[in-house]
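Residue numbers (this note's numbering): 38 to 217. For every residue, glycine included, the Cβ atom is placed at its ideal position computed from N, Cα and C. One structure is given here, and the rest of the page talks about it.
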Amino acid sequence: MEADIEQILFTREQIAERVKELAAQVMGVYREKDLTVVVALNGAFVFAADLVRNLVEHVEIVFVRARSYGDGMSPQHEVTVEICDDVEWDGRHVLLVEDIVDTGNTMQRLMAELLARGAASVRACAFLDRPTRREVEVDVAFVGFRLEGPEFVVGYGLDLAGHYRNLPYVGTLRRELRGG
Ligand code: PRP
38 MEADIEQILF TREQIAERVK ELAAQVMGVY REKDLTVVVA LNGAFVFAAD LVRNLVEHVE
98 IVFVRARSYG DGMSPQHEVT VEICDDVEWD GRHVLLVEDI VDTGNTMQRL MAELLARGAA
158 SVRACAFLDR PTRREVEVDV AFVGFRLEGP EFVVGYGLDL AGHYRNLPYV GTLRRELRGG
């Protein structure tokens, strides 16, 4: 698997340090508020697992599944949302955790859904943010790392057709594996 990686962008150590910083920022904002961490499956499961273990306050964790159609290199626009737990959303302060925000369609759709269900507040937390791909405006309150270029990245939850999510770092795939 490692032989498929062309370049490592964020190492395991850099990620661990950044996640700790993010958790501190999150705790600063939610001091004295009950927090519900909503994890967007599948990609966010690694980031969320590390993030919540750096939060020292009580949090409730809920999983949602956002599906954009297709298994290819670029996300399609239509997004369906499935909430995996039976949750009463009224009055909840929600931290919505994603692995990456590209076009913003998924995050925007998820935030709107949770607010429509009665959440008191929803803030977005993305491990990776790529504003250059944005198609819809979305406020990402907490960002791990920013991607400047169009590179297709895998690892730390991010996949290509279900593979590479378990890499402990983020890297680009070798050209011949990227397709397109
Ligand atoms: C990826 C990622 C985000 C979304 C970001 O999900 O996890 O949910 O795309 O793209 P956008 O900002 O352009 O909407 P994907 O549908 O690949 O599913 P996954 O989380 O299971 O990998």
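Exercise for review: Using DSSP bridges, identify the partner residues of residue 209.
Suggested key: Along the sequence shown, one-based indexing puts residue 209 at 172. Note: residue 209 sits in a beta bridge opposite 44, 190.
Check your understanding: Going straight from the alpha carbon of residue 98 to that of residue 163, what length do you get?
Key -> For the purposes of this step, residue 98 is identified with residue 61 of the sequence shown, where counting begins at 1. For the purposes of this step, residue 163 is identified with residue 126 of the sequence shown, where counting begins at 1. Going from the Cα of residue 98 to the Cα of residue 163 covers about 16 angstroms.
Review point. Does DSSP put residue 178 in a helix, in a strand, or in coil?
Key: Taking the first residue of the sequence shown as 1, we reach residue 178 at position 141. Annotated three-state conformation of residue 178 is strand, per DSSP.
Practice item. Apply the 10 Å Cβ neighbour rule to residue 167 and answer buried if 16 or more other Cβ atoms are within range, or exposed otherwise. Key: In the sequence shown, the residue the question calls residue 167 occupies position 130. Buried, since its Cβ has 16 or more Cβ neighbours within 10 Å.
Check your understanding: Buried or exposed: residue 103, going by 16 or more other Cβ atoms within 10 Å of its Cβ?
Key -> The residue labelled residue 103 in the question sits at position 66 within the sequence shown. Answer is buried; the Cβ neighbour count reaches 16.
Review point. Nearest to residue 75 by alpha carbon, out of 58, 192, 130, 202?
Key: Translated into the one-based positions of the sequence shown, residue 75 becomes position 38. Of the candidates 58, 192, 130, 202, the one whose C-alpha sits nearest the C-alpha of residue 75 is 130.
**Study point:** Three-pair Cβ contact test at 8 angstroms for the region 118-137 versus the region 58-73
**Key:** As far as the Cβ criterion goes, the region 118-137 touches the region 58-73, which means the pair count is three or higher.
Review point. Helix or strand or just coil, what does DSSP make of residue 195?
Key: Translated into positions along the sequence shown, residue 195 becomes position 158. Residue 195 falls in the strand class under three-state DSSP.
Review point. What do you reckon, is the C-beta of residue 87 under 7 angstroms from a heavy atom of the ligand PRP?
Key: Within the sequence shown, residue 87 is the residue found at index 50, counting from 1. Residue 87 has its Cβ no nearer than 7 angstroms to any heavy atom of the ligand PRP.
Check your understanding: Residues in its own chain within less than 6 angstroms of residue 160 by CB, not counting five upstream and five downstream?
Key -> In the sequence shown, counting from the first residue as 1, residue 160 sits at position 123. The residues are 132, 178.
Point to revise | Heavy atom of the ligand PRP within 7 angstroms of residue 139 beta-carbon | key: Here residue 139 is taken as the residue at index 102 of the sequence shown, counted from 1. Distance from the C-beta of residue 139 to the nearest heavy atom of the ligand PRP is below 7 angstroms.
**Study point:** residue 182 to residue 138 span [Cα, whole Å]
**Key:** As a position in the sequence shown, residue 182 is number 145, starting the count at 1. As a position in the sequence shown, residue 138 is number 101, starting the count at 1. Distance between the alpha carbons of residue 182 and residue 138: 11 angstroms.
Check your understanding: Is it the case that the CB of residue 73 approaches a heavy atom of the ligand PRP more closely than 7 angstroms?
Key -> On the sequence shown, position 36 is the one that residue 73 refers to. Flag unset: Cβ of residue 73 not near the ligand PRP.
Point to revise | Presumed contact (8 angstroms Cβ cut-off) between residue 116 and residue 79, rounded CB distance | key: Residue 116 sits at position 79 when you count from the first residue of the sequence shown. Residue 79 sits at position 42 when you count from the first residue of the sequence shown. Contact flag wrong, Cβ pair sits at about 14 angstroms.
Practice item. Give me the Cα-Cα distance between residue 216 and residue 196, rounded to the nearest whole angstrom. Key: Residue mapping note: residue 216 aligns to position 179 of the sequence shown, counting from 1. Residue mapping note: residue 196 aligns to position 159 of the sequence shown, counting from 1. The alpha-carbon atoms of residue 216 and residue 196 are separated by roughly 14 angstroms.
Review point. Roughly how many angstroms separate the alpha carbons of residue 211 and residue 201, rounded to a whole number?
Key: Position 174 of the sequence shown holds residue 211. Position 164 of the sequence shown holds residue 201. Looking at the two C-alpha atoms, the distance is approximately 13 angstroms.
Review point. If you follow the beta strand (DSSP E) that residue 165 is part of, which residue opens it and which one closes it?
Key: Counting from one through the sequence shown, the residue named residue 165 turns up at place 128. According to the DSSP assignment, residue 165 belongs to the beta strand (DSSP E) that extends over 158-166.
Point to revise | C-beta contact flag for residue 46 and residue 209 at 8 angstroms | key: Looking up residue 46 in the sequence shown gives position 9. Looking up residue 209 in the sequence shown gives position 172. Yes; because the gap between Cβ atoms is below 8 angstroms, this pair is in contact.
Review point. With respect to 7 angstroms, is the separation between the Cβ of residue 135 and the closest non-hydrogen atom of the ligand PRP below this value?
Key: Counting from 1 along the sequence shown, the entry for residue 135 is found at position 98. Yes, since a heavy atom of the ligand PRP falls inside the 7 angstroms radius drawn around the Cβ of residue 135.
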